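Residue numbers 1 to 303, in the working numbering, belong to the letters of the sequence shown in order. From the three backbone atoms N, C-alpha and C, an ideal C-beta is built for every residue, glycine too. A quick note: this is a predicted structure, and the numbers were derived from the prediction, not measured.
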Amino acid sequence: MLAGVHLCLYTISMSGIFKAMSKFRLAVVQMHVSKIKAENLGRAHKLVKEAAGQGAKVVVLPECFNSPYGTGFFAEYAEKIPGESTQMLSEAAKECGIYLVGGSIPEEDGGNLYNTCSVFGPDGKLLIKHRKIHLFDIDVPGKIRFQESETLNPGNSLSTFDTPFCKVGVGICYDIRFAELAQIYAKKGCQLLVYPGAFNMTTGPAHWELLQRGRAIDNQVYVATASPARDETASYVAWGHSSVVNPWGEVITKAGSEEVVMYADIDLQYLADVRQQIPITVQRRNDLYSVNTVQEDITPIQK
1 MLAGVHLCLY TISMSGIFKA MSKFRLAVVQ MHVSKIKAEN LGRAHKLVKE AAGQGAKVVV
61 LPECFNSPYG TGFFAEYAEK IPGESTQMLS EAAKECGIYL VGGSIPEEDG GNLYNTCSVF
121 GPDGKLLIKH RKIHLFDIDV PGKIRFQESE TLNPGNSLST FDTPFCKVGV GICYDIRFAE
181 LAQIYAKKGC QLLVYPGAFN MTTGPAHWEL LQRGRAIDNQ VYVATASPAR DETASYVAWG
241 HSSVVNPWGE VITKAGSEEV VMYADIDLQY LADVRQQIPI TVQRRNDLYS VNTVQEDITP
301 IQK
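Below is the structure:
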């Protein structure tokens with residue numbers, strides 16, 4: 001009888017652990033970015049600590065959080081990895097005991113520049129380094145022309161990392177427009193996709209939310225985006241409106257244009273329920289079509 005009681009208590013205990021692990025708090029930091037790097041790093045550190053203090057286990061910073069966004073700034077603010085900015089990220093992740101998605105910074109490596117997101121674990125170690133795969137080269141007559149390829153090189157690898165809660169896939173800004181990337185991440189078991197990004201005043205109102213909801217619905221995953229706060233005086237004005245979308249395609253939290261830390265409780269049981277109710281994963285016609293990678297999906301980490 002006693003053994004039965006112990007088994008019952010063990011079952012209840014494991015059930016409680018599973019329930020706790022099926023939910024975790026995500027924080028998205030939409031911060032003001034100035035031309036002073038030290039100021040940006042200090043602000044990011046402060047906001048990350050604030051997020052961890054509110055129970056966040058995974059924190060996401062915006063694209064180009066350490067520098068103004070623009071082809072004229074990338075070379076000036078570029079760093080090697082490890083470097084000043086990633087050292088701060090490592091220390092903040094370890095200090096707070098969180099998984100920290102370090103937005104992105106201009107990275108210099110071998111004379112080339114990249115738009116790079118570094119992710120650190122609760123022990124402060126670098127988990128992955130994602131270089132923006134799809135460069136933002138657009139020309140909308142009378143509205144905006146921007147060519148990242150004038151200064152940046154594209155990354156050539158997909159990037160995922162594991163947490164005790166779920167696997168996470170990483171993209172940067174323009175990467176979100178390419179559905180294949182999200183499909184492959186979902187196929188590899190990702191339940192959360194994060195996109196630090198800086199859509200502008202033309203593409204932001206038109207496509208920002210639609211793309212997030214599309215990636216979430218198509219793949220039945222959570223999607224989180226982190227934008228810089230809007231600065232009307234900047235040469236490139238970010239749209240803001242960082243968001244978290246659930247697997248049903250609902251926007252569960254969204255910022256305005258100002259600096260703010262947003263929170264969303266990620267519920268993986270809800271995700272499983274959505275996938276069971278609309279089982280597109282098992283209904284795909286793999287005999288007719290498929291989306292696959294052609295090389296390794298992890299960017300080598302420089303030790």
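Local Cβ density within 10 Å of D175, reported as buried at 16 or more and exposed below that: buried
Please report how far the alpha carbon of G42 lies from the alpha carbon of E76, in whole angstroms. 19 Å
Residues bridged to D267 by DSSP? K23
Y289 burial status per 10 Å Cβ neighbour count (16 or more: buried): exposed
Are three or more beta carbon pairs between the stretch 215 to 230 and the stretch 185 to 194 nearer than 8 Å? yes
Nearest-angstrom Cα separation, counted from G142 out to K57: 43 Å
What's the C-alpha gap between D287 and T281? 14 Å
Within a Cβ cutoff of 8 Å, which residues of the same chain sit near K49, ignoring the five residues on either side of it in sequence? A92, E95 and C96
Neighbourhood of R285 by C-beta distance below 8 Å, restricted to the same chain and skipping five residues each side: none
Alpha carbon to alpha carbon, how far is V245 from V291? 23 Å
Locate the alpha helix (DSSP H) running through E50, then write down its first and last residues. K37 to G53
Classify R145 as buried or exposed, calling it buried when 16 or more other Cβ atoms lie within 10 Å of its own Cβ. exposed
R131, enclosing beta strand (DSSP E) - first and last residue: L126 to R131
Out of E108, I217, E258 and G70, which has the shortest C-alpha to C-alpha gap to Q277? I217
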